[in-house]
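K.L.:
Once you've had a glance at the structure underneath, I'll fire off some questions.
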Amino acid sequence: MYAYDQYDQAMVDARVEEFRDQARRRLEGKLTEDQFKPLRLMNGLYLQLHAYMLRVAIPYGTLDSRQMHALADIADKYDRGYGHFTTRQNIQYNWIKLEDAADILADLAKVEMHAIQTSGNCIRNISSDHFAGAAADEIVDPRPYAELLRQWSSFHPEFSYLPRKFKIAVIASETDRAAMRLHDIGINIVKNDAGELGAAFYVGGGMGRTPMIAPCINPFVPLDQLVTYAEACLRVYNRYGRRDNKYKARIKILVHELGAEEYTRQVEQEFEHLLDQGVEPPLAELDRIRTFFDDPLFDTRAAYEIDRSDPDFALWVDRNTVPHKADGYVSAVISLKPVGGIPGDATAEQMRLMADLAKDYSFDELRVMHTQNIVLPHVRKADLHALWTALEEAGLGSPNLDTVEDIIACPGLDYCSLANARSIPIAQRISERFAKTGKTGTLGQLKLKISGCINACGHHHAGHIGILGVDRKGVENYQLLLGGSEAEDVSLAKITGPGFDEHGIVDAVETVTTVYENERQDGERFVDTYRRIGMNPFKEALYG
Amino acid sequence: MRLLTGNDLKTGAVTWWTGSDWSIHIEDAVDVTGSEDEIARSEEAARRVNVPYAVDAELHEGNPRPSHIKERVRALGPTVRPDLTLKPADPEIGNWVI
Chain A
55 MYAYDQYDQA MVDARVEEFR DQARRRLEGK LTEDQFKPLR LMNGLYLQLH AYMLRVAIPY
115 GTLDSRQMHA LADIADKYDR GYGHFTTRQN IQYNWIKLED AADILADLAK VEMHAIQTSG
175 NCIRNISSDH FAGAAADEIV DPRPYAELLR QWSSFHPEFS YLPRKFKIAV IASETDRAAM
235 RLHDIGINIV KNDAGELGAA FYVGGGMGRT PMIAPCINPF VPLDQLVTYA EACLRVYNRY
295 GRRDNKYKAR IKILVHELGA EEYTRQVEQE FEHLLDQGVE PPLAELDRIR TFFDDPLFDT
355 RAAYEIDRSD PDFALWVDRN TVPHKADGYV SAVISLKPVG GIPGDATAEQ MRLMADLAKD
415 YSFDELRVMH TQNIVLPHVR KADLHALWTA LEEAGLGSPN LDTVEDIIAC PGLDYCSLAN
475 ARSIPIAQRI SERFAKTGKT GTLGQLKLKI SGCINACGHH HAGHIGILGV DRKGVENYQL
535 LLGGSEAEDV SLAKITGPGF DEHGIVDAVE TVTTVYENER QDGERFVDTY RRIGMNPFKE
595 ALYG
Chain B
279 MRLLTGNDLK TGAVTWWTGS DWSIHIEDAV DVTGSEDEIA RSEEAARRVN VPYAVDAELH
339 EGNPRPSHIK ERVRALGPTV RPDLTLKPAD PEIGNWVI
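Heads up: the protein sequence lines correspond to chains A and B, in order.
If you use the numbering used here, the first sequence closes out at 598, no skipped numbers anywhere.
If you use the numbering used here, the second sequence closes out at 376, no skipped numbers anywhere.
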């Protein structure tokens, strides 16, 4: 994985000292909160319901055991012994003191991490496929391109004050595991008929209060023009994106209002202008970056067979491991969704264990999934039982990847100052309900996503089943949505009808799964059945 | 009644105006109806609290209870982590919040 060079390290170290001075001046009263707020937000420090919250960037979700240990140490030393892995492959700490914040950033800098651009109207952490570099179906590892874009976007002077925040995802396979088309820019590395690599650009996607699926504005940008094309996309947005209304300021609104064709025309015009401006970094830099993502030395004699005599182990293997490009290997998913647990939360002890297991079994590498689980990307099949045994002992062996228990949930009203309703208790009750009824396995792939407000951090628009918490005169109420997907079959979910209270929404989820069980045809997932039979049978069952 | 609340500048902890100081315990909060703006200004200037604001509340079994659920969650802590709330031993605490 990528290692900082002297410039990366110098930039991060300088930012730590700059923030230390800013925090000191705030504590001494030399800065007002209005003056300080944009400065702390540029360093990922929010003020949430109970305390300051620090969001730490994990570029394209990749980290090593040393970094995971550092995250665990921060949880113990400065927080309350746990962290929360987010839907953008980052980690958040919920109980941070302002007087500690600069020290935390200094600790992060020692392991080549930071919280820069995890907030504010700038280009945020670049996300990617959590199986990058391991997936059997990828064309190429997308992370070198994500890293190139990370370097381009870090402290980019022109794009530090965009009309609104800006999120980029990079993938390199037909299977979309990064919600690519629901980003401001989604980039898919593709191969043309001549066998050359290029980038398909999808621009203007997003969730929030106005969900949109990004249209493809260019199916093949040569990779030696990748940064220039991204710059052109941003320039047009920066010039014409609305700044008068924050609810209409995202690029999806601009693309929608201009129309994809006109937006594309303007991007192409800007691109032509930029081509001879020296925007693109030399290919040598991409080559330098690429060397950090070379394959590890896979054991070519690794055993293929797995002893499946233990049924619990076999179930975990079936559900929580995915094919790997190297023979004898799989990617193993560590579920952070125990039944009744808090999606995405991990204690410091669990983080340390995951770090140690990565070192022992996965070439020292971990990934954070946007679905709030952790991946060990390169595990020998021969090591799976030992890995599973260690996970089971730590409460990390839940065999529920992509099932109804594998719920995305934002922090909701339990932590977030923007939320209108709690998300986590709903997730807990749903997972408990389905675990109790034993239906988790029979329902197959079922992606359930919960947001505590319209900002949609819990991706409810993209859930096969989505839940949106709203405030009804001071009382929590939950809308049910069906039919969304953030994968390659991307679609936006539709609301079923009137909302439910916190108990009713759990019953409602069970009701729609019963409709699915009764109506499904061979091999259909929940979302397939919904698309075939439509909303009415579900509405009939819910509302009579 | 109206309560004045904010976050401690150094720690970010939720605090409530007691009439002379700030407390993390909502049962110490006093009614500030009519004087909330003046107190907020002077306390923020004194850097004892961050972004103070007033919230509506009612008396509940003799103690103040914010009218809105968001402020009740702020007052005690996340409902999903009873070990981290200010009254972890109270089995009825969920009823107070919800």
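We treat Cβ as the ideally placed atom computed from N, Cα and C, and that holds for glycine.
Starting from LYS593 of chain A, trace the alpha helix (DSSP H) in both directions and tell me its first and last residue.
P.N.:
590-597 is the span of the alpha helix (DSSP H), which, as asked, contains LYS593 of chain A.
K.L.:
Which residues, taken in chain order from the stretch 281-302 of chain B, show a beta carbon closer than 8 Å to some beta carbon of chain A?
P.N.:
Hits within the stretch, in order: ASN285, LEU287, LYS288, THR289, GLY290, ALA291, VAL292.
K.L.:
Is any beta-carbon of chain B found at less than 8 Å from that of LYS490 of chain A?
P.N.:
Not closer than 8 Å to any Cβ of chain B, the Cβ of LYS490 of chain A fails to qualify, so no.
K.L.:
According to the neighbour-count rule (16 or more other Cβ atoms, all chains shown, within 10 Å of its Cβ), is PHE209 of chain A buried or exposed?
P.N.:
Looking at its Cβ environment, which holds fewer than 16 other Cβ atoms inside 10 Å, PHE209 of chain A is exposed.
K.L.:
Which residue from A:ALA57, A:LEU445, A:LEU159, A:ILE225 puts its Cα closest to that of GLU542 of chain A?
P.N.:
Nearest option by C-alpha distance: A:ILE225.
K.L.:
Less than 8 Å between CB atoms is the rule here; does PRO356 of chain B satisfy it with respect to chain A?
P.N.:
Yes, PRO356 of chain B counts as interfacial toward chain A.
K.L.:
Let me check one thing: in DSSP terms, what residues is ASP399 of chain A bridge-paired to?
P.N.:
DSSP lists A:HIS138 as partners of ASP399 of chain A.
K.L.:
I believe PRO453 of chain A touches LEU369 of chain A by the beta-carbon criterion, under 8 Å. Please report the beta-carbon distance rounded to the nearest angstrom.
P.N.:
Going by Cβ atoms, the distance from PRO453 of chain A to LEU369 of chain A rounds to 5 Å, so yes, they are a contact pair.
K.L.:
Using 8 Å as the threshold, is the C-beta distance between VAL333 of chain B and THR357 of chain B below it?
P.N.:
Cβ atoms of VAL333 of chain B and THR357 of chain B: not closer than 8 Å.
K.L.:
Can you find a CB in chain A that lies within less than 8 Å of the CB of HIS338 of chain B?
P.N.:
Closer than 8 Å: no.
K.L.:
For ILE145 of chain A, which residues does DSSP report across the bridge?
P.N.:
DSSP, once it has assigned bridges, lists A:VAL110, A:PHE139 as partnering ILE145 of chain A.
K.L.:
At a Cβ threshold of 8 Å, is LYS348 of chain B touching chain A?
P.N.:
Cβ-Cβ to chain A under 8 Å: yes for LYS348 of chain B.
K.L.:
Mind reading off the beta-carbon distance from ASP349 of chain A to GLY382 of chain A? Whole number of angstroms is fine, and I expect it under 8 Å.
P.N.:
About 14 Å separates the two Cβ atoms, so there is no contact after all.
K.L.:
What distance in whole Å lies between the Cβ atoms of GLY252 of chain A and PHE274 of chain A, which are believed to be in contact at a cut-off of 8 Å?
P.N.:
Yes, they are in contact, since the Cβ atoms of PHE274 of chain A and GLY252 of chain A sit about 4 Å apart, within 8 Å.
K.L.:
Where GLU447 of chain A and ASP238 of chain A are concerned, what is the direct C-alpha to C-alpha distance, given to the nearest angstrom?
P.N.:
Distance between the alpha carbons of GLU447 of chain A and ASP238 of chain A is about 41 Å.
K.L.:
Grab me the residues of VAL321 of chain A's own chain with a C-beta within less than 6 Å of its C-beta, minus the 5 sequence neighbours each way, in chain order.
P.N.:
Cβ neighbours of VAL321 of chain A beyond the five flanking positions: ALA286, CYS287, VAL290.
K.L.:
Is the shortest distance between the beta-carbon of ILE104 of chain A and the beta-carbons of chain B less than 8 Å?
P.N.:
The sequence given here places His at residue 104 of chain A; Ile does not occur at that position. HIS104 of chain A counts as touching chain B.
K.L.:
Curious, which full-length beta strand (DSSP E) runs of at least 3 residues does the stretch 522-554 of chain A contain?
P.N.:
If we require 3 residues or more, the beta strand (DSSP E) runs fully inside the stretch 522-554 of chain A come out as 529-536.
K.L.:
Please list the residues of the stretch 448-479 of chain A that have a C-beta atom closer than 7 Å to any C-beta atom in chain B, keeping them in chain order.
P.N.:
Those residues of the stretch 448-479 of chain A that come within reach of chain B (Cβ to Cβ, closer than 7 Å) are LEU467, ASP468, TYR469, ARG476, ILE478, PRO479.
K.L.:
List, in chain order, every chain A residue whose beta-carbon is nearer than 8 Å to that of ASN341 of chain B.
P.N.:
Correct list: empty, because the minimum Cβ distance to chain A is about 19 Å.
K.L.:
Could you tell me which of A:HIS557, A:ASP191, A:ASP183, A:ALA189 sits nearest to ARG197 of chain A, measuring between CA atoms?
P.N.:
Nearest of A:HIS557, A:ASP191, A:ASP183, A:ALA189 to ARG197 of chain A, Cα basis: A:ASP183.
K.L.:
Is VAL333 of chain B close to chain A? Criterion is C-beta to C-beta, closer than 8 Å.
P.N.:
With 8 Å as the cut-off, VAL333 of chain B does not count as an interface residue toward chain A.
K.L.:
State yes or no: is the beta carbon of GLU486 of chain A nearer than 8 Å to at least one beta carbon in chain B?
P.N.:
It does not: the Cβ of GLU486 of chain A has no partner Cβ on chain B nearer than 8 Å.
K.L.:
Taking ASP460 of chain A as the reference, which of A:HIS439, A:ILE396, A:LEU430, A:CYS470 has the closest Cα?
P.N.:
Selected option, being the one with the closest Cα: A:ILE396.
K.L.:
Quick check: what's the CA-CA separation for ILE549 of chain A versus LEU535 of chain A?
P.N.:
Rounded to the nearest angstrom, the two C-alpha atoms are 4 Å apart.
K.L.:
Is SER214 of chain A helix, strand or coil when you go by DSSP?
P.N.:
Residue state, collapsed to three classes: coil.
K.L.:
Of the residues A:ASP330, A:PRO265, A:THR318, which one's Cα is nearest the Cα of TYR301 of chain A?
P.N.:
Ranking A:ASP330, A:PRO265, A:THR318 by Cα distance to TYR301 of chain A puts A:PRO265 first.
K.L.:
Who pairs with PHE47 of chain A in a beta bridge, going by DSSP?
P.N.:
With chain A represented from 55 up to 598, any question about residue 47 of chain A goes unanswered, as that position is not in the structure.
K.L.:
VAL327 of chain B versus chain A: which residues are under 9 Å apart at the beta carbon?
P.N.:
Result: empty, since nearest Cβ-Cβ is about 10 Å, beyond 9 Å.
K.L.:
Helix, strand or coil for TYR331 of chain B? Go by DSSP, reduced to three states.
P.N.:
Three-state result, TYR331 of chain B: strand.
K.L.:
With distances taken Cα to Cα, identify the nearest neighbour of ALA160 of chain A among A:ASP127, A:ASN144, A:GLU192, A:ASN148.
P.N.:
The option with the nearest alpha carbon to ALA160 of chain A is A:ASP127.
K.L.:
Evaluate contact between the stretch 379-394 of chain A and the stretch 477-485 of chain A, counting only Cβ atoms and requiring at least three cross-stretch pairs below 8 Å.
P.N.:
Touching, yes, given that three or more Cβ pairs across the two stretches are closer than 8 Å.
K.L.:
Measure the CB-CB distance between PRO113 of chain A and ARG231 of chain A and report whether it falls below 8 Å.
P.N.:
Contact: no.
K.L.:
Using a 10 Å radius around the Cβ and a threshold of 16 neighbouring Cβ atoms, would you call GLN575 of chain A buried or exposed?
P.N.:
Exposed, since its Cβ has fewer than 16 Cβ neighbours within 10 Å.
K.L.:
Should SER539 of chain A be labelled buried (16 or more other beta-carbon atoms within 10 Å of its own) or exposed?
P.N.:
So SER539 of chain A counts as buried.
K.L.:
Tell me, please, whether the CB atom of ARG319 of chain B is closer than 8 Å to any CB atom in chain A?
P.N.:
With 8 Å as the cut-off, ARG319 of chain B does not count as an interface residue toward chain A.
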